[in-house]
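Visitor: Can you read through this structure? Questions will come right after.
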Ligand SMILES: [Zn+2]
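In the numbering used here, the protein residues as written are 24 to 365.
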């Protein structure tokens, strides 16, 4: 469909989107507007950045990771987010525009991957995944399905749109179910609500089977990387000389009623509608969707064993999007062997 060299175009588009994601990651959890101020600024000296400071990937490299004005270091995260997003866009560009011919899938996967990258970094830093990010994934999935339906792709009624809706329901159901069972069995909050809403978006994009496989990958990645992370943090904590683990404050786990009400709200997408009608959001969920408790990194240190599950959920989804071909082939081979070639 496109000549091979054009993957570079995908890379540059992705890096530019990554540059925008950096703004999202910085501003959204702080409750700052994405549009105001219009120009990006240095987080240290607040100097408004000029065009030369805003070239994705290159500005950070050429300025050796320092602000041109105050010489303070600029977090490597800015470069890493641009690089990862660029890389993902290049991969999907290659898979669906050069090797294959599926521009809709390329667009939906690329945009979803961008949302997942933003989710990973906000969750790692602030332990929240903004509703807007979760809602965007759901919308990308449903929009892709609707497009397939409208353009009359073969079997569309059976395929993309109903499958996207089914995937969203499966994603919500599985993660909400874990939260619900965990609450019943252990009397603890087992799953963040952000994770439930993210699973709904992942389901809409990856469709039911893909979503389930990606959840499996997430659990696997969580087990492997989680253990490593705890080991590293424990070691760091040990060298920091007997830093006490924050005492488990006696917190109230969420009530069953609230869990049920929120679950119903997520199935009916009240949180997505509520982004456009904040009063409606407040009426159902009892909180303002845009009033994040001002989270600053310094204010709160997570316990040594605190691991947000969201990043793994997102990594599982990204892994499935990238390796969908081989993973499904392997599953099919396994399936036909297990069922004796049925
Ligand atoms: Zn500066």
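Even glycine gets a Cβ: it sits at the ideal position worked out from N, Cα and C.
In this text the structure is predicted, and so the values were computed from the model without any measurement.
Is it right to say residue 369 is buried, meaning 16 or more other beta carbons lie within 10 angstroms of its own, or is it exposed?
Guide: Given a span of 24 to 365 for the chain in the structure shown, any question on residue 369 remains unanswerable.
Visitor: Who are the near neighbours of residue 105 in its chain, counting only those whose CB is closer than 6 Å to its CB and skipping five residues on each side?
Guide: For the purposes of this step, residue 105 is identified with residue 82 of the chain shown, where counting begins at 1. The residues are 38, 41, 42, 79 and 80.
Visitor: So who's on the other strand from residue 301, going by DSSP bridges?
Guide: As a working note, residue 301 is residue 278 in the chain shown. Note: residue 301 sits in no beta bridge, so no partner.
Visitor: Taking DSSP as the reference, what is the three-state secondary structure of residue 89?
Guide: Here residue 89 refers to the residue found at position 66 when the chain shown is read from its first residue. Here residue 89 sits in strand by DSSP.
Visitor: Please say whether residue 288 and residue 307 have beta carbons closer to each other than 7 Å?
Guide: In the chain shown, counting from the first residue as 1, residue 307 sits at position 284. In the chain shown, counting from the first residue as 1, residue 288 sits at position 265. The answer is yes: Cβ separation under 7 Å.
Visitor: Could you tell me the boundaries of the alpha helix (DSSP H) in which residue 360 lies?
Guide: In the chain shown, counting from the first residue as 1, residue 360 sits at position 337. Note, residue 360: alpha helix (DSSP H), 333 to 361.
Visitor: May I have the straight-line CA-CA distance separating residue 160 from residue 242, to the nearest angstrom?
Guide: On the chain shown, residue 160 is found 137 positions in, with the first residue counted as 1. On the chain shown, residue 242 is found 219 positions in, with the first residue counted as 1. The straight-line gap from Cα to Cα measures roughly 20 Å.
Visitor: Can you list, in chain order, the stretches of the beta strand (DSSP E) that have 3 or more residues and sit fully within the segment 91 to 177?
Guide: Runs of the beta strand (DSSP E) inside the segment 91 to 177: none found.
Visitor: Once the 5 residues before and after residue 350 are set aside, which same chain residues still bring their CB inside 7 Å of it?
Guide: Along the chain shown, one-based indexing puts residue 350 at 327. If we look at residue 350 and ignore the five residues flanking it on each side, its Cβ neighbours are 236 and 343.
Visitor: Report yes if the C-beta of residue 92 is less than 6 Å from at least one heavy atom of ligand 1; otherwise report no.
Guide: As a position in the chain shown, residue 92 is number 69, starting the count at 1. Flag set: Cβ of residue 92 near ligand 1.
Visitor: Please name the residue or residues paired with residue 252 in a DSSP beta bridge.
Guide: Counting from 1 along the chain shown, the entry for residue 252 is found at position 229. Residue 252 is not bridged to any residue.
Visitor: Given residue 135, which residues of its chain have a CB within under 6 Å of its CB, disregarding the five upstream and five downstream residues?
Guide: Counting from one through the chain shown, the residue named residue 135 turns up at place 112. Closer than 6 Å at the Cβ level, and outside the excluded window around residue 135, lie 160, 163 and 228.
Visitor: Straight-line CA distance for residue 3 to residue 120?
Guide: This structure does not reach residue 3, given that the chain is present from 24 up to 365, and the question cannot be answered.
Visitor: Where does residue 25 sit, in a helix, a strand or coil, going by DSSP?
Guide: To locate residue 25, count along the chain shown from 1; it is residue 2. Residue 25 falls in the coil class under three-state DSSP.
Visitor: Nearest-angstrom Cα distance between residue 292 and residue 221?
Guide: Taking the first residue of the chain shown as position 1, residue 292 is located at position 269. Taking the first residue of the chain shown as position 1, residue 221 is located at position 198. Cα to Cα, residue 292 sits roughly 12 Å from residue 221.
Visitor: Between the C-alpha atoms of residue 197 and residue 165, what's the straight-line distance to the nearest angstrom?
Guide: In the chain shown, counting from the first residue as 1, residue 197 sits at position 174. In the chain shown, counting from the first residue as 1, residue 165 sits at position 142. Cα to Cα, the separation comes out at about 19 Å.
Visitor: Candidates 252, 131 and 211: which alpha carbon is nearest residue 282's?
Guide: Position 259 of the chain shown, counted from the first residue, corresponds to residue 282. Selected option, being the one with the closest Cα: 211.
Visitor: Regarding residue 67 and ligand 1, is the C-beta to nearest heavy atom distance less than 6 Å?
Guide: Along the chain shown, one-based indexing puts residue 67 at 44. At least one heavy atom of ligand 1 is nearer than 6 Å to the Cβ of residue 67, so yes.
Visitor: Nearest by alpha-carbon distance to residue 168: which of 158, 156 and 182 is it?
Guide: Counting from 1 along the chain shown, the entry for residue 168 is found at position 145. Of 158, 156 and 182, the residue nearest in Cα terms is 182.
Visitor: In three-state terms, what does DSSP make of residue 243?
Guide: As a position in the chain shown, residue 243 is number 220, starting the count at 1. In the structure shown, residue 243 sits in a helix (DSSP, three-state: H, G or I).
Visitor: Taking the alpha-carbon of residue 331 as reference, which of 258, 345, 148 and 103 has the nearest alpha-carbon?
Guide: Taking the chain shown and counting its residues from 1, one reaches residue 331 at position 308. Looking at the Cα atoms, 148 is the closest of the given residues.
Visitor: Determine the burial state of residue 223: buried for a count of at least 16 other Cβ atoms within 10 Å of its Cβ, exposed for fewer.
Guide: By one-based count along the chain shown, residue 223 stands at place 200. Residue 223 is buried by the Cβ-count criterion.
Visitor: Just mark residue 285 as buried or exposed, buried being the case when its beta carbon has 16 or more other beta carbons within 10 Å.
Guide: Numbered from its first residue, the chain shown carries residue 285 at position 262. Answer is buried; the Cβ neighbour count reaches 16.
Visitor: By the 10 Å Cβ neighbour count, where 16 or more other Cβ atoms means buried, how is residue 357 classified, buried or exposed?
Guide: Position 334 of the chain shown, counted from the start, is the residue given in the question as residue 357. The residue is exposed, with fewer than 16 neighbouring Cβ atoms inside 10 Å.
Visitor: Does DSSP put residue 81 in a helix, in a strand, or in coil?
Guide: For the purposes of this step, residue 81 is taken as residue 58 along the chain shown, with counting starting at 1. Residue 81: helix per DSSP, three-state reduction.
Visitor: Taking the Cβ atom as the reference point for each residue, do residue 217 and residue 143 lie within a distance shorter than 7 Å?
Guide: Taking the first residue of the chain shown as 1, we reach residue 217 at position 194. Taking the first residue of the chain shown as 1, we reach residue 143 at position 120. No, the Cβ-Cβ distance between residue 217 and residue 143 is not below 7 Å.
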